[in-house]
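Student: Residue numbers (this note's numbering): 68 to 377. All residues carry an ideal CB built from backbone N, CA and C; glycine is no exception.
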């Protein structure tokens, strides 16, 4: 239980207070039974590649459903160039621009309209800032089999060597930023998913428990959410105590096209979008047991709990 004692320490709660940023005009849904949360909830995860003082764009937008009692998560990724109506601007645009125009609130409300459902919470992760977090964890495992070479004169130049057991923070960040493969936006979205999963895998291993205070301090302002510190702690505890943690993920399907003003846009497939809406509705229904939940056909990840209390 010592790992959970760390999570419950006053130091951890105070560090998380710095990340607590409610959205103006929105009241987050209180987590039911905060001591032992069990009911499903939704969260919009925004991966921001922010450099310096700029707001940046949301390179990653993942509609996430967490089912604490099952230790299960569903993550539906939205390609950054998806052509959607931006709520608050009254016109179509790339969904990544919602964050640039109106921060997490506009991004959240735009995704709510896309999936026709309310979202309980949001969280932003600044990839630039997570370089130090990865180094503090001792690196993360990434499925890089060949060298990734960014050499286009319009892109940041770097090389990430393939075949390494672990990648440091800079290499992991470059993996996220790599842009020169044939898969384009879809491949980049999948790399972001893989990066986040690799971070979660490493962070939940027993060897990382003693580093919890350091990791949260390093994370600092690079993580923001409207979840309250005690809610984050309780949800983390419930997920880590689950006998098996399972992640199901899916990237919205569609096709690229040249759109307004010659801009490259991603046209979301309506049938696939409807399917994702169905998954979301079922996963948010706590009365449906995990074994009966509809599942995507992509990227099923399973892992046994290795927490000290499991």
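Could you check how far apart the C-beta atoms of residue 290 and residue 207 are, in whole angstroms? I think they sit under 8 Å.
Tutor: In the chain shown, the residue the question calls residue 290 occupies position 223. In the chain shown, the residue the question calls residue 207 occupies position 140. That belief does not hold up - the Cβ atoms of residue 290 and residue 207 are roughly 16 Å apart, past 8 Å.
Student: In terms of residue numbering, what span does the beta strand (DSSP E) encompassing residue 227 cover?
Tutor: Along the chain shown, read from residue 1 onward, the residue named residue 227 stands at position 160. 225 to 227 is the extent of the beta strand (DSSP E) around residue 227.
Student: Starting from residue 325 and walking both ways along the beta strand (DSSP E), at which residues does that stretch end?
Tutor: Sequence index remark: in the chain shown, residue 325 carries index 258 (1-based). Segment 321 to 325, the beta strand (DSSP E) holding residue 325.
Student: Measuring CB to CB, does residue 138 end up less than 8 Å from residue 312?
Tutor: To locate residue 138, count along the chain shown from 1; it is residue 71. To locate residue 312, count along the chain shown from 1; it is residue 245. Going by C-beta atoms, residue 138 is nearer than 8 Å to residue 312.
Student: Using a threshold of 8 Å, state whether the C-beta atoms of residue 161 and residue 150 are closer than that.
Tutor: Here residue 161 refers to the residue found at position 94 of the chain shown. Here residue 150 refers to the residue found at position 83 of the chain shown. Contact flag set, yes.
Student: Would residue 110 and residue 183 qualify as a contact pair, given that the criterion is a beta-carbon distance under 8 Å?
Tutor: Taking the first residue of the chain shown as position 1, residue 110 is located at position 43. Taking the first residue of the chain shown as position 1, residue 183 is located at position 116. No, the pair does not count as a contact, with Cβ atoms beyond the cut-off.
Student: So who's on the other strand from residue 87, going by DSSP bridges?
Tutor: Counted from its first residue, the chain shown places residue 87 at position 20. Looking at the DSSP assignment, residue 87 forms a beta bridge with 292.
Student: Mapping the DSSP letters down to three states, classify residue 373 as helix, strand or coil.
Tutor: Along the chain shown, read from residue 1 onward, the residue named residue 373 stands at position 306. Any reading at residue 373 is ruled out, since the residue's pLDDT is 48, under 50, leaving its predicted position unreliable.
Student: Quick one: using the 10 Å Cβ neighbour count with 16 as the cut-off for buried, is residue 86 buried or exposed?
Tutor: Numbered from 1 along the chain shown, position 19 holds the residue referred to as residue 86. When all chains shown are included, residue 86 counts as buried.
Student: Can you tell me which of the three DSSP states residue 68 falls into?
Tutor: The sequence position of residue 68 within the chain shown is 1, counting from 1. Because the pLDDT of residue 68 is 41, which lies under 50, any placement of that residue in the model is unreliable, and the number read from its coordinates should be weighed accordingly. Coil at residue 68, not helix or strand.
Student: Could you pull the DSSP bridge partners for residue 199 from this structure?
Tutor: The residue you call residue 199 lines up with position 132 of the chain shown. DSSP output for residue 199 lists no bridge partner at all.
Student: List the endpoints of the continuous alpha helix (DSSP H) containing residue 379.
Tutor: The structure shown does not extend to residue 379, since the chain spans only 68 to 377, so no value can be given for it.
Student: Are the beta-carbon atoms belonging to residue 147 and residue 318 less than 8 Å from one another?
Tutor: Taking the chain shown and counting its residues from 1, the one referred to as residue 147 is at position 80. Taking the chain shown and counting its residues from 1, the one referred to as residue 318 is at position 251. No, Cβ-Cβ distance for residue 147 and residue 318 is not below 8 Å.
Student: Rounded to whole angstroms, what is the Cα-Cα separation between residue 262 and residue 211?
Tutor: On the chain shown, residue 262 is found 195 positions in, with the first residue counted as 1. On the chain shown, residue 211 is found 144 positions in, with the first residue counted as 1. Rounded to the nearest angstrom, the two C-alpha atoms are 11 Å apart.
Student: Is residue 222 helix, strand or coil by DSSP?
Tutor: Taking the first residue of the chain shown as position 1, residue 222 is located at position 155. Here residue 222 sits in coil by DSSP.
Student: With residue 134 and residue 357 assumed to form a contact (beta carbons below 8 Å), what rounded beta-carbon distance in angstroms separates them?
Tutor: Here residue 134 refers to the residue found at position 67 of the chain shown. Here residue 357 refers to the residue found at position 290 of the chain shown. With 8 Å as the limit, residue 134 and residue 357 qualify as a contact, their Cβ atoms being about 7 Å apart.
Student: Hey, could you find the ends of the alpha helix (DSSP H) residue 175 is sitting in?
Tutor: Counting from one through the chain shown, the residue named residue 175 turns up at place 108. Residue 175 -> alpha helix (DSSP H) spans 163 to 182.
Student: By DSSP, does residue 80 sit in helix, in strand, or in coil?
Tutor: Within the chain shown, the letter at position 13 stands for residue 80. Helix, per DSSP.
Student: Pick helix, strand or coil for residue 312, following the three-state DSSP scheme.
Tutor: Numbered from 1 along the chain shown, position 245 holds the residue referred to as residue 312. DSSP places residue 312 in strand when its eight states are reduced to three.
Student: Does the beta-carbon of residue 367 have 16 or more other beta-carbons within 10 angstroms, so that it is buried, or is it exposed?
Tutor: On the chain shown, residue 367 is found 300 positions in, with the first residue counted as 1. Reliability fails at residue 367, whose pLDDT of 49 lies under 50, so the model's placement of it is uncertain and the value that follows must be treated cautiously. It is exposed - the Cβ of residue 367 has fewer than 16 other Cβ atoms within 10 Å.
Student: Quick one: grab the DSSP three-state call for residue 261.
Tutor: If you number the chain shown from 1, residue 261 lands on position 194. Helix, per DSSP.
Student: Going by Cα to Cα distance, which pick from 80, 108, 230, 116 is closest to residue 353?
Tutor: Start at 1 with the first residue of the chain shown, and residue 353 comes out as number 286. It is 108 whose Cα lies nearest to the Cα of residue 353.
Student: Give me the Cα-Cα distance between residue 215 and residue 91, rounded to the nearest whole angstrom.
Tutor: As a first step, residue 215 must be located in the chain shown, where it is residue number 148. As a first step, residue 91 must be located in the chain shown, where it is residue number 24. Cα to Cα, residue 215 sits roughly 41 Å from residue 91.
Student: What residue from 306, 345, 327 has the CA that sits closest to residue 106's CA?
Tutor: Position 39 of the chain shown, counted from the first residue, corresponds to residue 106. Nearest option by C-alpha distance: 306.
Student: Can you tell me whether DSSP reads residue 160 as helix, strand or coil?
Tutor: Against the chain shown, residue 160 aligns to sequence position 93. Residue state, collapsed to three classes: strand.
Student: Helix, strand or coil: which one does DSSP assign to residue 399?
Tutor: Limits of the chain in this structure are 68 at one end and 377 at the other, which puts residue 399 out of reach.
Student: Anyone know if the C-beta pair for residue 213 and residue 229 falls short of 8 Å?
Tutor: Here the question's residue 213 lines up with position 146 in the chain shown. Here the question's residue 229 lines up with position 162 in the chain shown. One thing to note: residue 213 has its Cβ within 8 Å of the Cβ of residue 229.
Student: In the DSSP output, what is residue 235 paired with across the bridge?
Tutor: Stepping through the chain shown from its first residue, residue 235 is reached at position 168. Answer by DSSP bridge pairing: none, since residue 235 is not bridged.
Student: Just the Cα atoms here: how many angstroms apart are residue 293 and residue 265?
Tutor: Looking up residue 293 in the chain shown gives position 226. Looking up residue 265 in the chain shown gives position 198. Going from the Cα of residue 293 to the Cα of residue 265 covers about 24 Å.
Student: Do you know how far the Cα of residue 351 is from the Cα of residue 362?
Tutor: Against the chain shown, residue 362 aligns to sequence position 295. Against the chain shown, residue 351 aligns to sequence position 284. Cα to Cα, the separation comes out at about 13 Å.
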